[in-house]
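Here the sequence shown is numbered in the numbering used here, starting from 160 and rising by one per residue. Notes for the one structure printed next.
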Amino acid sequence: MKLLRIYILMPLIFVAAITANGQSYQKTATGIQTVVDSVQIEIGFYSPSTVRILKWPAGTTFTKKSLSVIEKPQKTDFRVRQSGDNLLLKSKKLQVSLNLSSGKVDFSTPAGKSLLKEEKSGVKFTNYNDAGEKTYHVYQAFVLDKNEDIYGLGQQQQGRMVQRNLKLHMIQGNTDDYVPFFLSDKGYGMFWDNYSPTTFSDNQERTFFKSDVGNCVDYYFMYGNNPDGAIARMRDLTGQAPMFPLWTFGYWQSKERYKSQDELVGVVRKYRELGVPLDGIIQDWQYWGNNYLWNAMEFLNPGYYNPQKMVDDVHSMNAHMIISIWSSFGPMTKPYRDLNKIGALLSFKTWPESGVQKWPPNMDYPSGVRVYDAYNPKARDIYWKYLNKGIFSLGIDGWWMDSTEPDHLEFKPSDLDEKTYLGPFRKVRNAYPLMTVGGVYKHQRAVTSAKRVFILTRSAFAGQQRYAANTWSGDVSSSWQSLRNQIPAGLNFSLSGIPYWNCDIGGFFAGAYNRSWNGSKGAKNPLFQELYVRWLQFGAFTPMMRSHGTDIPREIYQFGKKGEPVYDAIAKAINLRYSLLPYIYADAWQVTHNQSTMMRALMMDFNDPKVRNMNNEYMFGKSILVAPVVHAQYAPETIVKTDPNSGWDKNNNTENKPKAIAIDFTQSKSKKVYLPAGTVWYDFWTNEKHQGGQEINQKTEIDEIPLYIKAGSIIPFGPKVQYATQKKWDDLEIRVYPGANGQFTLYEDENDNYDYEKGIYSTITFNWNNARKILTINSRKGTFPGMLGQRKFQIILVSPNNGAGMTTNERAGKTVTYTGKKLSVKL
């Protein structure tokens, strides 16, 4: 058969041909193949819940190996039957219908409930010459239900939750990370497996993907019955998220940039002196020296006179250090020379433009910095060779991979004609972050299993979760609107199947706050202080709590001292994060082991129409509802003068200065919070109970973020510490929130190696029987070196009169000694 000579993807055909109304097709081990209206169509089950659709012009030849999809088709039982012009393929979980006259494909449940339909005549191939390679613009349109909501598509800064009625030009950028996957509230997901610049468009008539380059239309439809199920199927296809070390879930301090090793080590030392918890410090760029030495992967800046001592000093204070590395190299670096020899440097304009570090760039002295070809396996080997020798060998704990989109300045369409190892750049453009991050992950895993890989990256693509990558939202500005945008940005990113996300706490560009306001500027400017505190409180409930930015230093002591409202609010948020580490680490295990999601849009957990498009609240894990304060309550939200008493003259005109406005951060304020229907909620701070399905007026303080705990939750609280592993979890407080049955699994391992992949870890599952008021602590499963043989659990049954504002000793509860054997506690 001609098809098998030109392109073999699916297992061998085992039924030669079946005729239906004059239209022939072949049944394969995983689905069917046919030609309709000069379009070759291949439908293949990857699992009972996931099916791949391939279409290409009949008679053409091509090969494709997916960069994102790593799963192979499973053996799946399915039946094929004909109903009129429609060919029906049915597995246990999914039914696919192919119209043999039009080639239109529809998806439904086995019971016939419609999920997604292609538009009739909705596939198009337009001839295109891609830098000498004959290929196509590829297009596929679908028809969604009028009232259907979809989510995902990566991260955008548009402040919206539902991704309907919009048009996106999907090409990776600094603050926009595109993943061509959307998830429907009907419980399915759809992944468009294409890496070229792509247009996604949705309106009431049609929804389509159109990619600049493609030899075929190639997409996966997956039915999970609910959002968690659809995300699980996406991770089945593209890879599972490994465990991060426990220390990565502590607090991280950074800025643009520490300029010497003494300054960096001094920050860690100051936190230890103040008694404020800290687990990580980050070294930003230019530790290598000037721009001609860009990303040399060596400490050539004289301010770093003994880098080994710097790393050792940080470690001696029980902190960790990650460091900025880039996708580009200066012309005077060793990596540049080696990469240039094999033709693995790209030529489009990137950052930095000038070799002179002054701003603006002096183009009389171009930097000569070039992006490396991360698609080339030999180039990835060179990248790691210098990274391993110059930095990893010092004991650096992780990687801050900046500009992984990568930076592309003064963009011209012809830039995409440039040849990479996999062909024209246009063909693989959006997968660049996947390739460069994957290169570092794979190489480090090959070197050692004693240290878990941790990568902080500015860009991402489908499948990147398998490379231990935590994506941040890029160089966002410091403003209230920017803060508001971060919530739906992080939630939609998580709904794209990639569970780890964070942002620069306080926003990156904060220079506007350096202008004096009421006689104060920078970190003492109350406008910035309020924004920073609220952003930090939000950051405490993201997968990585990391303070970073330019223009204004972000260390806690820049904002005042102990006993002052802003300082105390910052310290309180950081300490709260640490008290929740047992809960957070257990949730990380659910991400790895059960394909869960840490930052959860409310539509994932509640069948409540009012939360389908809610972009200012979310669940952190499955128990804690987070409602960040995202509007200024104490100081003006804008720093531009709008009236004589607004507090700021945008021209800094001293002749007509506005009257000073007193800012009293000790005053109580309020905000409205919606509590989803279907459960009872407890105010985290007061334990006051509220019925779901209503909006309440929540009292707020500068040092408290509105938090609510779902009835039936069991939450462990860890000890007060200065770093994540300072104390063992031998005396945990276990809070039980009654009102529904509940379950929680405490997860523990060695905290920083890959022994857990061999089953070396332990779990303890708690079950709450609400009717009988009994908490059952089940027998421990598993073991690992250093595991506690005996421990105490201080069990608190939460109520409005028990727990809020009390010390552990003051709360009414029961303390039990647990030795790994099952026991029950009546409360």
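Heads up, the beta-carbon is just placed ideally off N, CA and C, and yes, glycines get one too.
Exercise for the section: Pick out whichever of D336, L784, N846, V635 has its Cα sitting closest to the Cα of V832. Expected result: L784
Problem - Nearest-angstrom Cα separation, counted from G346 out to K493 - result: So the two alpha carbons sit approximately 50 angstroms from each other.
Problem - Helix, strand or coil at E422 [DSSP, three-state] - result: Note: E422 maps to helix in three-state DSSP.
Exercise for the section: Count the other CB atoms, across all protein chains shown, that sit within 10 Å of the CB of Y920; report buried if there are 16 or more and exposed otherwise. Expected result: buried
Problem - 7 angstroms Cβ cutoff met for G681 and I715 - result: No.
Handout entry: Enclosing alpha helix (DSSP H) for P494 [first to last residue]
Key = 493 to 500
Practice task
Decide yes or no for the touch test of the segment 482 to 490 against the segment 569 to 579: beta carbon pairs closer than 8 angstroms, at least 3 of them.
Solution key: no
Problem - Residue interval of the alpha helix (DSSP H) (run including D727) - result: 724 to 738
Problem - Where Y913 sits in the DSSP three-state scheme - result: Here Y913 sits in coil by DSSP.
Practice task
Kindly indicate which three-state DSSP category H567 falls into: helix, strand or coil?
Solution key: coil
Handout entry: Exposed unless 16 or more other CB atoms sit within 10 angstroms - verdict on R931
Key = exposed
Problem - Close beta carbons around T976, own chain, < 7 angstroms, minus the five adjacent residues each side - result: So the qualifying residues of the chain are Q949, K951.
Practice task
Check whether the segment 249 to 268 touches the segment 182 to 198, taking contact to mean three or more Cβ pairs, one atom from each stretch, closer than 8 angstroms.
Solution key: yes
Handout entry: Contained beta strand (DSSP E) runs [length at least 3] in the segment 530 to 556, N- to C-terminal order
Key = If we require 3 residues or more, the segment 530 to 556 turns out to have no beta strand (DSSP E) run fully inside it.
Problem - Presumed contact (8 angstroms Cβ cut-off) between A621 and G598, rounded CB distance - result: Not really, about 17 angstroms apart at Cβ, beyond 8 angstroms.
Practice task
Let me know the secondary structure DSSP gives A628 once reduced to three states.
Solution key: strand
Handout entry: Of the listed residues K940, N644, L342, N454, nearest to V528 (C-alpha basis)
Key = N454
Problem - C-beta atoms of A478 and L433 nearer than 7 angstroms - result: It is not a contact, given that the beta carbons lie outside the stated cut-off.
Problem - Euclidean distance between Cα positions of P835 and A188 - result: 45 angstroms
Problem - Nearest neighbour of D352, chosen from Q331, S360, D335, C375 [CA to CA] - result: C375
Handout entry: Assigned secondary structure, F668 (DSSP; H/G/I helix, E/B strand, else coil)
Key = strand
Handout entry: Segment limits, alpha helix (DSSP H) that includes E389
Key = One point to set straight first is that residue 389 is Ala, not Glu, in the sequence displayed. In the DSSP assignment, A389 falls within the alpha helix (DSSP H) that extends over 386 to 397.
Handout entry: Bounding residues of the alpha helix (DSSP H) (the contiguous stretch that carries Q467)
Key = Run containing Q467: 466 to 475, per the alpha helix (DSSP H) assignment.
Exercise for the section: Have a look at K828 and I873 and give me their C-alpha separation to the nearest angstrom. Expected result: 30 angstroms
Exercise for the section: Could you spell out where the alpha helix (DSSP H) holding P685 opens and where it closes? Expected result: Where P685 is concerned, the enclosing alpha helix (DSSP H) stretches over 685 to 698.
Handout entry: With 16 other Cβ atoms within 10 Å as the buried cut-off, status of L740
Key = buried
Problem - Residue interval of the alpha helix (DSSP H) (run including F584) - result: 584 to 587
Exercise for the section: Consult DSSP for K186 and reduce its assignment to one of helix, strand or coil. Expected result: DSSP places K186 in strand when its eight states are reduced to three.
Handout entry: Extent of the continuous beta strand (DSSP E) run through I936
Key = Note, I936: beta strand (DSSP E), 933 to 936.
Practice task
Please say whether M349 and F359 have beta carbons closer to each other than 7 angstroms?
Solution key: no
Handout entry: Rounded straight-line distance, which links the Cα of Q445 to that of Y524
Key = Going from the Cα of Y524 to the Cα of Q445 covers about 18 angstroms.
Problem - Alpha-carbon to alpha-carbon, F925 and S273 - result: 39 angstroms
Handout entry: C-beta contact flag for N449 and P511 at 7 angstroms
Key = no
Exercise for the section: Could you tell me how far apart the beta carbons of L505 and F403 are, in whole angstroms, since I believe they sit closer than 8 angstroms? Expected result: Actually they do not touch by this definition, with Cβ atoms about 31 angstroms apart.
Practice task
Within the same chain, show all residues whose beta-carbon is closer than 6 angstroms to that of P897, passing over the 5 residues directly before and after it, in chain order.
Solution key: N929
Problem - Enclosing beta strand (DSSP E) for H1042 [first to last residue] - result: Since the first residue of the chain shown is 160 and the last is 986, residue 1042 is not available in this structure.
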